[in-house]
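Residue numbers (our numbering): 4 to 244.
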């Protein structure tokens, strides 16, 4: 009886949340006293996105995992677009965030997707001269979007080298043990490829074999998907599409 109020007061002080309103997109666990966040979010109040380029105007995420896996595994789902490799209006930066985020895509599954590329919107090249500030800007004015093709093979090869997938080109740090161990046999293989194949004919999926930094975006543009401004869709698709 003497310690009850002290325990109650201490528990209140240690709690990260008191109600669901303290947890943003997550929920408050009253027994543990902290916020439980949905997939792709973290932080004491679920305020930090693991996929910042996938955030929709409503504050939630584009369902990129569901879209990608349905388009890859379910053939009929691809009939929604003339380009059967398309998954929908998704930013290239969103795909890069997704494949780089831990636990959101199994590496074995990504390995099986090596032969697949899909059109995406390059936020860095869309919108005004400085690029689109957010995905919401492109959704409001899709005519400003610049479309490219994203290579899942390049994403897999980047992760295999122990690097973080990024749309920005950069040189690989050959002093990293994981990189050095992989580059040696690749360079040997590259010499054999050059003997029979013109390197100019190599695709982005072969860039790792040529001992170059894997490029997530293929050279050239992709045909745009027929999109309407989000404001012209009924109730803006409920904020989730």
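Each residue gets a CB set at the ideal place from its N, CA and C atoms; glycine is no exception.
On a predicted model such as this, the values are computed, not experimentally measured, just so you know.
- Item | Local conformation of residue 77 per DSSP, three classes | For the purposes of this step, residue 77 is taken as residue 74 along the chain shown, with counting starting at 1. In the displayed model, residue 77 falls within coil according to three-state DSSP, outside both helix and strand.
- Message: My output table needs one value for residue 169: the three-state DSSP class, helix, strand or coil.
- Response: On the chain shown, residue 169 is found 166 positions in, with the first residue counted as 1. In the structure shown, residue 169 sits in coil (DSSP, three-state: anything other than H, G, I, E or B).
- Query: From residue 226 to residue 31, what distance separates their C-alpha atoms?
  - Reply: Here residue 226 corresponds to residue number 223 of the chain shown, with the count starting at 1. Here residue 31 corresponds to residue number 28 of the chain shown, with the count starting at 1. Whole-angstrom Cα-Cα distance: 44 Å.
- Are the beta-carbon atoms belonging to residue 156 and residue 116 less than 9 Å from one another? Start at 1 with the first residue of the chain shown, and residue 156 comes out as number 153. Start at 1 with the first residue of the chain shown, and residue 116 comes out as number 113. The answer is yes: Cβ separation under 9 Å.
- Query: In the DSSP assignment, what residue or residues form a beta bridge with residue 220?
  - Reply: Start at 1 with the first residue of the chain shown, and residue 220 comes out as number 217. Looking at the DSSP assignment, residue 220 forms a beta bridge with 153.
- Item | Same chain, Cβ closer than 8 Å to residue 245, five either side skipped, listed in chain order | There is no way to answer for residue 245, as the model of the chain reaches only from 4 to 244.
- Query: DSSP three-state call for residue 206: helix, strand or coil?
  - Reply: Locating residue 206 in the chain shown gives position 203, counting from the first residue. In this predicted model, residue 206 has a pLDDT of only 47, less than 50, meaning its place in the structure is not dependable enough to derive any value.
- Query: residue 152: buried (16+ other C-beta within 10 angstroms of its C-beta) or exposed?
  - Reply: Along the chain shown, one-based indexing puts residue 152 at 149. Classification of residue 152: buried, given that the 10 Å Cβ count is 16 or more.
- Query: Contact check, residue 57 vs residue 97 under 8 Å by CB: the rounded distance?
  - Reply: In the chain shown, counting from the first residue as 1, residue 57 sits at position 54. In the chain shown, counting from the first residue as 1, residue 97 sits at position 94. Residue 57 to residue 97, Cβ: 4 Å. Contact.
- Message: Does the region 99-110 come into contact with the region 124-135, if we say contact requires no fewer than three beta-carbon pairs (one atom in each stretch) closer than 8 Å?
- Response: No, the region 99-110 is not in contact with the region 124-135.
- Message: Nearest by alpha-carbon distance to residue 169: which of 131, 27, 143, 127 is it?
- Response: Counting from 1 along the chain shown, the entry for residue 169 is found at position 166. Ranking the options by Cα distance to residue 169, first place goes to 127.
- Task: Taking all protein chains shown into account, decide if residue 149 is buried (16 or more other Cβ within 10 angstroms of its Cβ) or exposed.
- Result: As a position in the chain shown, residue 149 is number 146, starting the count at 1. Label assigned to residue 149: buried.
- Message: Is it buried or exposed, residue 234, if we count other Cβ atoms within 10 angstroms and call 16 or more buried?
- Response: Sequence index remark: in the chain shown, residue 234 carries index 231 (1-based). Looking at its Cβ environment, which holds fewer than 16 other Cβ atoms inside 10 Å, residue 234 is exposed.
- Item | Paired residues, beta bridge with residue 124 - DSSP | As a working note, residue 124 is residue 121 in the chain shown. Bridge pairing for residue 124: 94, 150 [DSSP].
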